[in-house]
Amino acid sequence: MSFFKGSPYRRHNNNNDAESGGGSRGEEEDEESSSNPFDITSTKNASIARLRKWRQAALVLNASRRFRYTLDLKREEEKQQLLRKVRANVEAIRAAHRFKAAGERTNGTLEASPTPPSPSPSGGHFAIGQEQLAVMSRDHDVSALQQCGGVKGLSELLKTNLEKGIKGDDADLLKRKSAFGSNTYPKKKGRSFWMFLWDAWQDLTLIILIVAAVASLALGIKSEGIKEGWYDGGSIAFAVILVIVVTAISDYKQSLQFQSLNEEKRNIHLEVIRGGRRVEISIYDIVVGDVLPLNIGDQVPADGVLISGHSLAIDESSMTGESKIVHKDSRDPFLMSGCKVADGSGTMLVTSVGINTEWGMLMASISEDTGEETPLQVRLNGVATLIGMVGLTVAVCVLIVLLVRYFTGHTKDANGNVLFTAGKTKLSPAIDGAIKIVTVAVTIVVVAVPEGLPLAVTLTLAYSMRKMMADKALVRRLSACETMGSATTICSDKTGTLTLNQMTVVEAYVGGKKIDSPENKSELPSLLYSLLIEGIAQNTNGSVYGSEGGGDIELSGSPTEKAILNWGVKLGMNFEAIRSESSVIHVFPFNSDKKRGGVALQLDSQIHIHWKGAAEIVLASCTQYIDAVGQLVAMDENKAMFFKKAIGDMASGSLRCVAFAYRLYEVEKVPSTEEQLAQWALPDDDLVLLAIVGIKDPCRPGVKDAVQLCQNAGIKVRMVTGDNIQTAKAIALECGILGSDDNVTEPTLIEGRVFRDLPELRREEIVDQISVMGRSSPNDKLLLVQALRKRGHVVAVTGDGTNDAPALHEADIGLAMGISGTEVAKESSDIVILDDNFATVVKVVRWGRSVYANIQKFIQFQLTVNVAALIINVVAAVSSGDVPLNAVQLLWVNLIMDTLGALALATEPPTDHLMDRPPVGRREPLITNIMWRNLLIQALYQVIVLLVLNFQGRSILKLEGAGIANANKVKNTLIFNAFVLCQIFNEFNARKPDEFNVFKGITKNYLFMGIVGVTVVLQVLIIEFLGKFASTVRLNWSQWLISVIIGIISWPLAVLGKLLPVPKTPIGNHLAKFCRRVGHIFCCRGASQS
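Residue numbering for the sequence shown follows this note's numbering, starting at 69 and increasing by one per position.
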């Protein structure tokens, strides 16, 4: 039995849990004290103060939108306060009840004989009502339970059979739901579209533009009349409204995706007993009266009372806030919804569900989803802030230059007339001119501050999470998506992940020899047969259900349990009959540290103790065996070597070896009280060996290819298993984790015990060489993860058991198994692999890399637009006092660049090319040298071509004879048209920053093609039909051709650019060195002068 000082699997802030690749506390402290607030490589355990710091440092135009999908710090603090209040309330009620019970015992007033309660009108078809049940569960009122006749009497009131459960037909379920409610709780409604629309309005620059538009509208109507005067102000207002609506639609669709994924996370599936058989149902379908089996790692899905249990220990920290483990028995039989089974096993009777439970009330009163930021999101906020500061500076400079030129009489209209003359120009036209200048400057800020850059992460994560669900991966933490793209090693379980988890007994050693056929009952002596069948039937968490009609039997339990039970059935075992012949006194549940489980049985005047577990461990405790004629024989050295060789041979054939043993025990030595029995350690010495079996679990098809794909991508796959080292080696060779020519000696192949006993520094020295760890405990897996992280690895680890939770939490990415994993493991994980398949883990890696790659594509595209638009407008403003791109045109460019660009590029599906490159380091620059090369070439080209058109356009386009005003309109329209088409063609270049063929796979991305098509159509409409709004004129076919040629040149230019080599050292490093040198020179000069 396990003894607990605290919950072994809660998500602690471990002192060794580093914020980045290393696991040292020093690195975590470095990051906490880093001068760069945006330098957070992991948000998994970041403090509230650390998260608040980067928010305060960010340059934000619309805080409600920018921080929507980050952790709501205020709401998180409110949630913690509410949890503390609820927990205090629970403890106060219990303390009052304990005080009352103690007083009754002292006064002798506690009722000796239970009297059933009078029928409750609120119970309907049942003799007890919901209110009575809820009060009894909430107050943990044992005396009220006794008045009902104990658990047995309560089950009769609820019309439940404690062994077979409820009937479970539709009529029965309907009655129970109408009388006691369903296992759901009211959820707060999601945000409506109108709320997203309101959030989109909160952008400061858009508010300024709306105010400017209203002022321009009023002045325009006053000076030119309503027929002509509303166009300038109206067009800006319309453009702003269009940006707001498109932004709100995009954000609303993202929120719907997150809502559906959150529903999936909450929908737990579990087993209940109905009609005498175990059936799997959703947690929402549990009803009062259900009988539920509970095993280690399960979540208690509703309030209830314990029917029977063995060493059952519950972690009630989710309700009480204390990490103390509570042992449950007949004196304290009440179980609270939301708590976890920390140890042991048992069955419970459900007494309250949904809103009638403490957990249900708690969940109904808080908002579960308070958001979460990701490291990439934080870094992009830093990039956006830097770019925004530059853009803001440029906008202020443009504003000052334009205002100075305007009020000093240097700004002229299209016909060459001075727009402002001091003392002559009226107030209304002067204000209108100033408003137009302010509008242009503010619009430059809108374009320059990439507000959508951090939100593009959310967009690509929402898209990736939805697609990953289709690939059988449920993302619990957003940050895990992108972190998976940086993974350098994957520590994988063997059973069910690399193998199929479809187990069959294929070899058996019984009676001291190997029997020809494992199912051959005739070779077994009667004593050995009866003991073996008794051990199989009683020492199990599984069950065998045979229909009354004599049809196929149904097995439940873990795959190993089912394989053994199936073997027992083939040997002629009658499961129910065998279990009825003896009673279970005490159970030692299977323990992943001890690698075995045991049970003590009472048979008349005898006590049988049965053990089952890892063959070599059980064999080591055996001093006798039963031979082929049913005689007890001492285990001499030769026979022990025979069994060890048999285990080795089976393990080398990739079989899982399980041994069965038993011993007799004196009745008088068995503890007599329930408390002593709960603390009793089952004797595990002087055992008699009954059998050793080899269980085959084939490798998953395609797992070798998946492992090879990881190795090609620079990711080392390591197998960590509790199985025999030889079994692990055989499977590793079969899966490709070990090569046939590899040196398969220590430390490449190592036992958990050996690794555990090494000094910490030695573990770190050899950890890179380890490929397979056999006979490992969950603590060995944790030590392996810690050592790898200290070596700088980004570690992904798979786990399914409760004791895997610390390793899942410690790893950079914890991957829980969806089929075989416990609820505790899933809650400690970042991603749940729904089909338990290693190939799905590789798909997650592809999606992780895709997230990072898509964001880089979007950055390259957006920065190209930013740089080009800023330089064109600044140069034109300073030189001529006018800008070729007005407010409406810039807002349209912003829409293409921001929302539509993010939709097109952030939703690119992953390609095989992503797995041909090494993992991306988490501290590598977001903007690589390749991206700098691409965006500078494109931006430089656009700036040169469009500035040439701006200053020499009239002569190049032969517009001299068309009049100055009309010529300028045509020229500016062509500049705007060419600029937009450049962005559309460059969007194709951004798809493949480091590949020549930018069209590869484009036909599969319907969203990209759709967005490009819509953008082209809208651009044509703006130029040809919306001239009044956008201040454009219609272009003839030759001018359209010129615009298209200017845009399409970006394709061959991108190909030529990719031929240019780039240095391996990031440009940022060179700039940092340069800045340090300059700083050093100035410091030296200052010192010499002083």
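Every residue, glycine too, gets a C-beta built ideally from N, C-alpha and C.
Expected contact under 8 Å - CB spacing of residue i and residue j to nearest Å
{"i": "Ile940", "j": "Leu1014", "result": "5 Å"}
{"i": "Leu902", "j": "Leu542", "result": "6 Å"}
{"i": "Ala974", "j": "Asn934", "result": "17 Å between Cβ atoms; not a contact."}
{"i": "Gly782", "j": "Pro986", "result": "4 Å"}
{"i": "Gln407", "j": "Ile382", "result": "This sequence places Cys at residue 407; Gln is not what is there. Sure, about 5 Å apart at Cβ, within 8 Å."}
{"i": "Glu984", "j": "Asn780", "result": "The identity of residue 984 in the sequence shown is Asp, whereas the question assumes Glu. Confirmed, Cβ separation roughly 7 Å."}
{"i": "Asn1018", "j": "Pro952", "result": "5 Å"}
Other residues of its chain near residue i: CB distance less than 6 Å, five sequence neighbours each side excluded
{"i": "Ala268", "result": "Ile312, Thr315, Ala316"}
{"i": "Thr866", "result": "Ser560, Asp561, Thr565, Leu883"}
{"i": "His378", "result": "Gly412, Ser413, Val655"}
{"i": "Gly236", "result": "Arg342, Gly343"}
{"i": "Pro518", "result": "Ala452, Ile455, Gln930"}
{"i": "Pro189", "result": "Reliability of the predicted coordinates at Pro189 is poor, the pLDDT of 46 falling under 50, and the value obtained from them is presented with this limitation in mind. Result list for Pro189: empty, nothing under 6 Å."}
{"i": "Gly1021", "result": "Lys1039"}
Range of the contiguous alpha helix (DSSP H) that encloses residue i
{"i": "Leu241", "result": "238 to 248"}
{"i": "Gly842", "result": "Note, Gly842: premise wrong, no alpha helix (DSSP H); beta strand (DSSP E) at 840 to 842."}
{"i": "Arg647", "result": "643 to 648"}
{"i": "Phe39", "result": "Since the first residue of the chain shown is 69 and the last is 1158, residue 39 is not available in this structure."}
{"i": "Thr1083", "result": "1074 to 1093"}
{"i": "Ala873", "result": "873 to 878"}
Straight-line Cα distance separating residue j from residue i
{"i": "Glu587", "j": "Gln837", "result": "42 Å"}
{"i": "Ala729", "j": "Ala714", "result": "16 Å"}
{"i": "Arg259", "j": "Glu1063", "result": "41 Å"}
{"i": "Arg917", "j": "Val988", "result": "8 Å"}
{"i": "Leu1089", "j": "Phe306", "result": "15 Å"}
{"i": "Lys535", "j": "Gln924", "result": "20 Å"}
{"i": "Ala538", "j": "Val775", "result": "21 Å"}
{"i": "Ile995", "j": "Ile1005", "result": "15 Å"}
{"i": "Gly640", "j": "Lys589", "result": "8 Å"}
{"i": "Ala727", "j": "Met533", "result": "43 Å"}
{"i": "Ser205", "j": "Ala631", "result": "39 Å"}
{"i": "Gly221", "j": "Glu736", "result": "32 Å"}
{"i": "Leu226", "j": "Glu332", "result": "31 Å"}
{"i": "Asn634", "j": "Leu623", "result": "8 Å"}
{"i": "Val822", "j": "Asp319", "result": "53 Å"}
{"i": "Glu684", "j": "Ile116", "result": "49 Å"}
{"i": "Ala800", "j": "Gly790", "result": "14 Å"}
{"i": "Arg831", "j": "Gln794", "result": "22 Å"}
{"i": "Leu360", "j": "Phe326", "result": "31 Å"}
{"i": "Leu755", "j": "Thr691", "result": "6 Å"}
{"i": "Leu417", "j": "Asp358", "result": "6 Å"}
{"i": "Gly681", "j": "Val863", "result": "30 Å"}
{"i": "Pro657", "j": "Gly869", "result": "13 Å"}
{"i": "Gly716", "j": "Gly762", "result": "11 Å"}
{"i": "Val812", "j": "Lys894", "result": "33 Å"}
Sequence-distant residues of its chain with Cβ nearer than 7 Å to residue i (five each side left out)
{"i": "Phe926", "result": "Ala524, Gly969, Ala970, Leu973, Ala974"}
{"i": "Asp753", "result": "Ser689"}
{"i": "Val1101", "result": "Lys1037, Val1038, Thr1041, Gly1095"}
Cβ-based neighbour list, residue i, same chain, cut-off 8 Å, excluding 5 preceding and 5 following
{"i": "Leu669", "result": "Glu602, Gln606, Ser650, Ser651, Val652, Ile653, Ile675, His676, Ile677, His678"}
Boundaries (first-last residue) of the beta strand (DSSP E) holding residue i
{"i": "Ser611", "result": "611 to 614"}
{"i": "Lys408", "result": "408 to 420"}
{"i": "Ala126", "result": "Run containing Ala126: none; DSSP gives neither H nor E here."}
{"i": "Leu883", "result": "881 to 885"}
{"i": "Ser651", "result": "651 to 659"}
{"i": "Ser624", "result": "621 to 624"}
Complete alpha helix (DSSP H) runs within the segment 913 to 996 (minimum length 4 residues, chain order): 955 to 963, 969 to 973
Would you mind listing the alpha helix (DSSP H) stretches within the segment 765 to 815 that are 4+ residues and don't spill past its ends, in chain order? 771 to 780, 793 to 803
I'd like the ranges of any alpha helix (DSSP H) spanning at least 4 consecutive residues and lying wholly in the segment 359 to 395. 385 to 388
List, from N- to C-terminal side, the alpha helix (DSSP H) runs of 4 residues or more that fit wholly inside the segment 490 to 556. 495 to 516, 520 to 538, 546 to 552
Contiguous beta strand (DSSP E) assignments of at least 3 residues, all confined to the segment 664 to 737: 664 to 671, 674 to 682, 690 to 694, 700 to 702, 723 to 733
Restricting to runs no shorter than 4 residues, where is the alpha helix (DSSP H) found entirely within the segment 322 to 362? none
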